Each structure stands twice: as C-alpha cells, then as structure tokens.
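Below you'll find the structure, written out as structure tokens, and then a few comments.
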Amino acid sequence: METYVILRRGGWRTADDLQEAAACSAAEGDRMSGDIRWIRSYVTAEPDGSVGTVCIYQASSPEAIREHARAAQLPVDEIVAVADTVVVGPDPAPATV
Amino acid sequence: MLEHATAAAVAAAASGAHREAAAQYARALRHAGSLPPEERARLFTAHGDEASATGLFEDAIHARAEAAALYRTLGDRLNEGLLLSRLTLPYMRTGRNAEAEAASRTAIEILEALPAGRELGEAYAHQAYARMLARDNAEGVAWGERAVALAERVRDHDTLAYGLCMIGTSRVMAGEIERGVAELLHSLEVAKAHELEHRVYAAYGMLGSGLGEMYELERAERYLLEFIRFAEENELTPWYGVSWLALVDVYRGRWDAAAARVARVLAGPSDPISRISVLIALGRVRARRGDPGAMDALDEALELARPGGHLQRLGHVHAARAEAAWLAGDRERALAEARAVYPLALEKRHLWFAGELAYWQWKAGGLDTAPDWIAEPYRLQLAGDAEGAADAWDRRGCPYETARARAEADAADAAIDALAAFDGLGARAAATLTREALRARGLPVPRGPRPATRSNPAALTAREIEVLRLVADGCRNADVAQKLVLSRRTVDHHVSSILRKLAVRTRGEAAAAAARLGLLQDR
C-alpha cells in the first residue's frame, strides 16, 4: 500500500452534504478494505463558500482510489503520491464523522 | 506410472484440456529415462505442443529442443527440422529473437534438402511468423505465400490456416487493411472448417490486435471479445486479448474500463507480452489523468520490451513514454523518448508508430516534417490542419485524441470545446496545459470541472427510492413486495442496499434519512 493525498476541492455545498458523503465513503472503504484505507481528512473552506477536502489515504494504486471514489460518489480533483511523512505536532481535535 | 501418465496426457489433449495435458506429459517425461529414444522424442514433441498452446513457452522450448536433439541422434532429419522450426514461436515469445531466427533458418535448410512435404510448409509459416512479428511485412507475406502454396499442394489445412494468418497480419500491418482482413477471415474459415482450435485462436487474436495496432478500434474490439470467448471456452489463455482490449479502451476514452482490465491481467498469470500491453495502457491512463505512477508503469513496460527489441512493443512503449513526459511538462524527455525508436518506425514504415513518434518530436520542437505516408490524423496535424486531424480522430472513435487535436486549432472556441472534452474525460493533465495556453493567448479561461452537488448524495436508484418511501410510510417488506409487484426476496435486497447506502442500521433511521434528503416530498 502506498500513501496518497487526494484533493477534492469544493465538492459540497454544505458541511451536512459532506457528512453524508463521508458516511458513504466509509461504507465503500469497508467493502474495499484490501485495497484502500482512509487515514484522515481535512475539510477545506473554499473561497466560494462551499466545502472541500484534502484526504490522506493508503491504497494499492491510484486506480483503487478512483474506484473507491466512483463507488462512493466522491469527486477527485487530484491524486498525489506521498514520498515521505513528517509529523511535527498532533492534529487539532477532530470533528467525528 | 509412465503408461498411466502418458494415457492421461493423450486423453486430456484430445478433450482440449491443454493445461492438464501439458502437466501429464511433464509427469510422464520424469519417468521416461528407460524408454527408447523414439518414444522419448514423441513425448517431448507432444509436451512441447501442449506447453506452447497454454503459454508455457519456457517448457515448450525445453521440450522441443530435447526432441530435436533426440531426432538428430536418431538420424531423423525430417523430424529434427520440424521440431527446430517449432522452436521459432516460443523463442520469439520469450524475446530470444536471434535464437528463433537461427532455429528457423536451420530448420528450413534441413527440410529443403529433403523432398518437399508438410514439414517444410510449416517451417515456412514459422519463418513468416518471425518476419511478421519483426514487422518486416513484405517478407512476412512472401514466406506466408510459400507456406500456403506448399500446404495447398499437400493438403495440409493446419499450415494453410497458419500461412494465411501470417499473410493477412503482415498486410494489415502494412496498412493494406481490407486485403489483410480478408486473408485473416479466410484463415479463420479454414481453421473452423477443420476444427483447428489453435488456428481459430490465432486468427481471432491477430484480427483483434492487428486492427487495434492500426486504430481500427471498433472492429478490433469485436474480434478481441470473440478471442476471449473462444479462449475461455477452450481452456486457452485469454490474457493477450484482455490486454489488447485494455489498450482499445484507453484509445476509445473508457479509462475506468481499461483500468479494470489492467488490474485483471496484472493479477493473473499473464505472459510478458500481455503485461507490456497493460502496462502501456496503465501508463497512458495515469499520464492523461495526471495521476502518479505513469512513468513507473512505463519503466516496467520498457524493461519487458527491451529483450525482444521489436517495433510493435518498443514503438508503443516509447510513444507512451513520450506522451507521459510531454504531459508532465518535460519537453526534452518527450523528444528523447520519441527519437529513441523513430528510425526503426520509419524503417518498418509503421503508419501509426511513425505518426505518433513524429508528432511528439514535432510538439517538442525537434522535427519539422514527416513522411507523407504516416497515419492520417498525424499527417494532418503536422501539416497544420488541426481541425482536420480532430475529425480524423473522431471518425476513429478516439475522444481524447480528438480533443487533443482540437486544442491545437487556432480558433479559441475549438480550444474551449477541447477543454470541456478533457474535463469530461477526467484528462487533468491536458486540461491544465490547455488552460495555460488559453491564458497565454490572453483569452478567457473557463473554470475547472465542478462536481455537481448531488441532490441524492446516497446514490439510491429510482427503485430504491420507491422502496424507501414505502418503508418510511411504515410498510413491512411483505407489503412493499405486494404494492410494487416484486418478490419478497428482491425487496429484502433493496432494503439492505438502502440501509448500507444511507449508512444507517434501522428502518426508522432510514425513514429519517429519507426525510432529511428530501426524498419524501415530491409525491
């Protein structure tokens, strides 16, 4: 499994819409557990008032990420491979999904 | 033990169970030390045929080399020549071209010294195969014609089908598509009439891949599907067809379907040639989407293609690498990749590889003109007729290539159309380049694809919404079944699918979710 950053900029109108999508994403992630693992996400406040995400996933390939996104009806703007991880401090307290 | 294994092998071969037959022959040969050399040679011959038919080319090489050596010791020149000629295919398929060539030439030399018979005809056909693979098309036709002439004289249907297949493939590769397809269909007809399973398989394979290599994609797809169906029915390997279908899907803009086929081939026990094809498909899809790992896939493809050194693999791999480099913004590398194999493509007069390799050099500023015989869309593009090139791609059913050509047209609305097409395909790399080009020309740039905010984020089907509304009204599954005239089982299935999609555990929660999603309103 490789680590990837997935950009989904401005995919949802409201945080509630995103919440629904997150539930769907988790369900599909369980189904494809051998190929993909959702690590964490940051919800982005887009300039136009919509919300997007920057997600960290582990996956067997970029194609597995796209298959998961298709099944869970998630948009994908860009997939970037992670070359290394530098953890400096803990994440801020997360809102649970 | 020996007799039992041999009998089992013969029975398996007769019933078309080639993998089983190859395994049984291998077992028989482990106990064959005490047999007379004639018997051992016969067993090796049979093992070689079954191994070759199931793609076990290393085993086929070993068995046929052993058989040829035994016949040589026995002074049986005819069978020695025949078995040497049968080494051509497995040697070529494992990338050992020089050994294939030596075996084929020696076989022909031995057999031409004997009265001409079916063995010599078969040896000519094997030589035609080697020339076809090297894309020496005129020689492929010439050797194929010798094979066919001799096969007709001695009424050898197998070599007749083989020779016709090689003539047809060589003609298709030379761009004489219709004439070549007619020869291939003739080969298919002979093979079917005489129940020559491996010749039917080969004819479908060559029709599919030959037409694919010439961008006759719709017809290619039809024959590749026939190939896979035939392979699966007859216990032959489908990978060659699946891998070519992945490439056809890429060029027809069906990238998800291509990726699924790629995954299937990479997970299976595929041969190097099928792996090269799917790695090219994967590299192209990743490069076009702007996904990571495009060059990784194409590095592996190049490693696998190098030993064979054939244009059909190297031309394809380097063209894909030039494209990936270009889309990644590396002009120098795009030029170097295209240059690496362009002289070979010119030497073999390959319409499509010469065309694409010329195109990338032209894009990268390293080439002004190309010969006028290159494939039509590339010829038009290099002549400055981007709209004409786009139309030519469109006629071939290639949406990405159509948009790529249109993006280079002078008219701003053509580039804006192309941008919409790139966004629709998910071709992020080309979309980004097109936006930059529009900006550089001082033209207004349409914003990027914005995924529509879905009114039905749970992606329920129309039927599931119908079921959910009744569930929200308090209906039990049996009531739902009665109202919608469905079986109870079907309703159970719908309800569990609804719960899963809404990520809820109970019917009550599902009803609440339905209300929240606004699914209970417009009734």
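Protein chains in written order, with our numbering: chain A, 73 to 169; chain B, 90 to 612. Glycine residues also receive a C-beta, built at the ideal position from the N, C-alpha and C atoms. All figures in this text were calculated on a predicted structure; none of them were measured in a lab.
Can you check DSSP and say which residues form a bridge with residue i?
i: residue 79 (chain B); result: Because chain B in this structure spans residues 90 to 612, residue 79 (chain B) falls outside the shown range and cannot be described.
i: residue 79 (chain A); result: A:126 and A:150
i: residue 114 (chain A); result: A:126
i: residue 139 (chain A); result: Per DSSP, none; premise fails for residue 139 (chain A).
i: residue 74 (chain A); result: A:131
i: residue 84 (chain A); result: A:123
i: residue 108 (chain A); result: A:131
Of all the options the options, which has the alpha carbon lying nearest to the alpha carbon of residue i?
i: residue 220 (chain B); options: B:121, B:600, B:252 and B:162; result: B:252
i: residue 155 (chain A); options: B:499, B:382 and B:451; result: B:382
i: residue 118 (chain B); options: B:100, B:156, B:105 and B:104; result: B:156
i: residue 250 (chain B); options: B:273, B:259 and B:266; result: B:273
i: residue 429 (chain B); options: B:391, B:373 and B:440; result: B:391
i: residue 480 (chain B); options: B:264, B:492 and B:472; result: B:492
i: residue 140 (chain B); options: B:107, B:163 and B:123; result: B:107
i: residue 120 (chain B); options: B:95, B:137, B:599 and B:523; result: B:95
i: residue 594 (chain B); options: A:114, A:127 and A:95; result: A:95
i: residue 616 (chain B); options: B:433, B:384 and B:596; result: Residue 616 (chain B) falls outside the range modelled here, since chain B spans only 90 to 612, and no answer is possible.
i: residue 402 (chain B); options: B:415, B:461 and B:336; result: B:336
i: residue 356 (chain B); options: A:90, A:133, A:162 and A:115; result: A:133
i: residue 153 (chain B); options: B:123, B:196 and B:122; result: B:196
i: residue 516 (chain B); options: B:469, B:343, B:268 and B:362; result: B:343
i: residue 110 (chain A); options: A:137, A:117, A:122 and A:84; result: A:137
i: residue 303 (chain B); options: B:269, B:151, B:246 and B:163; result: B:269
i: residue 277 (chain B); options: B:243, B:315 and B:266; result: B:315
i: residue 145 (chain A); options: A:84, A:75 and A:162; result: A:84
i: residue 377 (chain B); options: B:514, B:530, B:234 and B:93; result: B:514
i: residue 299 (chain B); options: B:275, B:182 and B:265; result: B:265
State the Cα-Cα distance for the pair residue i and residue j, rounded to the nearest angstrom.
i: residue 365 (chain B); j: residue 125 (chain A); result: 36 angstroms
i: residue 333 (chain B); j: residue 86 (chain A); result: 44 angstroms
i: residue 210 (chain A); j: residue 77 (chain A); result: Only positions 73 to 169 of chain A appear in this structure, which leaves residue 210 (chain A) out of reach.
i: residue 169 (chain A); j: residue 606 (chain B); result: Only weak support is given to the placement of residue 169 (chain A): the predicted model assigns it a pLDDT of 49, under 50, and the question is left unresolved by the model.
i: residue 404 (chain B); j: residue 449 (chain B); result: 13 angstroms
i: residue 115 (chain B); j: residue 177 (chain B); result: 21 angstroms
i: residue 133 (chain B); j: residue 291 (chain B); result: 23 angstroms
i: residue 152 (chain A); j: residue 409 (chain B); result: 21 angstroms
i: residue 579 (chain B); j: residue 237 (chain B); result: 59 angstroms
i: residue 350 (chain B); j: residue 294 (chain B); result: 17 angstroms
i: residue 194 (chain B); j: residue 179 (chain B); result: 15 angstroms
i: residue 212 (chain B); j: residue 169 (chain B); result: 11 angstroms
i: residue 393 (chain B); j: residue 557 (chain B); result: 53 angstroms
i: residue 338 (chain B); j: residue 347 (chain B); result: 5 angstroms
i: residue 565 (chain B); j: residue 553 (chain B); result: 15 angstroms
i: residue 142 (chain A); j: residue 563 (chain B); result: 32 angstroms
i: residue 544 (chain B); j: residue 456 (chain B); result: Note that residue 544 (chain B) scores 42 on pLDDT, short of 50, meaning its location in the model is unreliable; the coordinates nonetheless yield the value given after this. Each residue's Cα considered, the two are about 51 angstroms apart.
i: residue 312 (chain B); j: residue 345 (chain B); result: 21 angstroms
i: residue 136 (chain B); j: residue 174 (chain B); result: 16 angstroms
i: residue 296 (chain B); j: residue 510 (chain B); result: 31 angstroms
i: residue 422 (chain B); j: residue 453 (chain B); result: 9 angstroms
i: residue 149 (chain A); j: residue 371 (chain B); result: 19 angstroms
i: residue 205 (chain B); j: residue 248 (chain B); result: 14 angstroms
i: residue 540 (chain B); j: residue 103 (chain A); result: Unreliable positioning characterises residue 540 (chain B) in this predicted model, as indicated by a pLDDT of 49, which lies under 50. A coordinate reading is not provided.
i: residue 427 (chain B); j: residue 358 (chain B); result: 31 angstroms
i: residue 138 (chain B); j: residue 148 (chain B); result: 10 angstroms
i: residue 100 (chain B); j: residue 111 (chain B); result: 11 angstroms
i: residue 386 (chain B); j: residue 263 (chain B); result: 29 angstroms
i: residue 80 (chain A); j: residue 127 (chain A); result: 8 angstroms
i: residue 97 (chain B); j: residue 189 (chain B); result: 31 angstroms
i: residue 47 (chain A); j: residue 415 (chain B); result: Because chain A here runs from 73 to 169, residue 47 (chain A) falls outside it and cannot be looked at.
Q: Select from the region 319-347 of chain B all residues with a C-beta closer than 8 angstroms to any C-beta belonging to chain A, and list them in chain order.
A: Cβ contacts with chain A come from 345.
Q: Note down, one range per segment and in chain order, each beta strand (DSSP E) of at least 3 residues found wholly within the region 350-390 of chain B.
A: For the region 350-390 of chain B, not a single whole beta strand (DSSP E) run of length 3 or above is found.
Q | Members of the region 359-377 of chain B that neighbour chain A once the beta carbon cut-off is set at 9 angstroms | A | The residues in question are 371, 374 and 375.
Q: Scan the region 96-108 of chain A for residues whose Cβ lies nearer than 8 angstroms to a Cβ of chain B and list them as they occur along the chain.
A: Listed in sequence order: 96, 98 and 99.
Q: With a floor of 4 residues, list each alpha helix (DSSP H) that falls wholly inside the region 473-523 of chain B, ordered by position along the chain.
A: Counting only runs of 4 or more residues that sit fully inside the region 473-523 of chain B, the alpha helix (DSSP H) segments are 475-484, 488-495 and 501-514, in chain order.
Q. If you scan the region 169-233 of chain B from start to end, which runs of the beta strand (DSSP E) of 3 or more residues do you find wholly inside it?
A. For the region 169-233 of chain B, not one full-length beta strand (DSSP E) segment reaches 3 residues or more.
Q: Could you run through the region 579-599 of chain B and flag, in chain order, every residue whose CB is less than 8 angstroms away from some CB of chain A?
A: Residues 589, 590, 591 and 592.
Q.
Please give me, in chain order, every unbroken run of the alpha helix (DSSP H) with length at least 4 that falls completely inside the region 418-479 of chain B.
A. Taking only runs of at least 4 residues, the alpha helix (DSSP H) segments lying wholly in the region 418-479 of chain B are 420-436, 440-452 and 465-471.
Q: Compile a chain-ordered list of the residues in the region 493-526 of chain B whose CB is closer than 9 angstroms to at least one CB of chain A.
A: Against chain A - using a Cβ distance shorter than 9 angstroms - the residues of the region 493-526 of chain B are 515 and 517.
Q: Could you name the residues of the region 129-143 of chain A whose beta carbon sits closer than 8 angstroms to any beta carbon of chain B, in the order they occur along the chain?
A: Residues passing the 8 angstroms Cβ filter: 133, 134, 135, 138, 139 and 142.
Q: Can you give me, in chain order, the residues of the region 148-166 of chain A that have a beta carbon less than 7 angstroms from any beta carbon in chain B?
A: Those would be 150, 151, 152 and 153, in chain order.
Q.
At a CB distance below 7 angstroms, what residues from the region 402-414 of chain B approach chain A? Give them in sequence order.
A. Flagged: no residues at all.
Q | the region 481-492 of chain B: positions lying closer than 8 angstroms to chain A by Cβ | A | Along the region 481-492 of chain B, there is no position whose C-beta sits under 8 angstroms from a C-beta of chain A.
Q. Which runs of the alpha helix (DSSP H), 4 residues or longer, sit entirely within the region 242-301 of chain B?
A. Considered as a whole, the region 242-301 of chain B harbours 246-262 and 266-282 as its complete alpha helix (DSSP H) runs of no fewer than 4 residues, in chain order.
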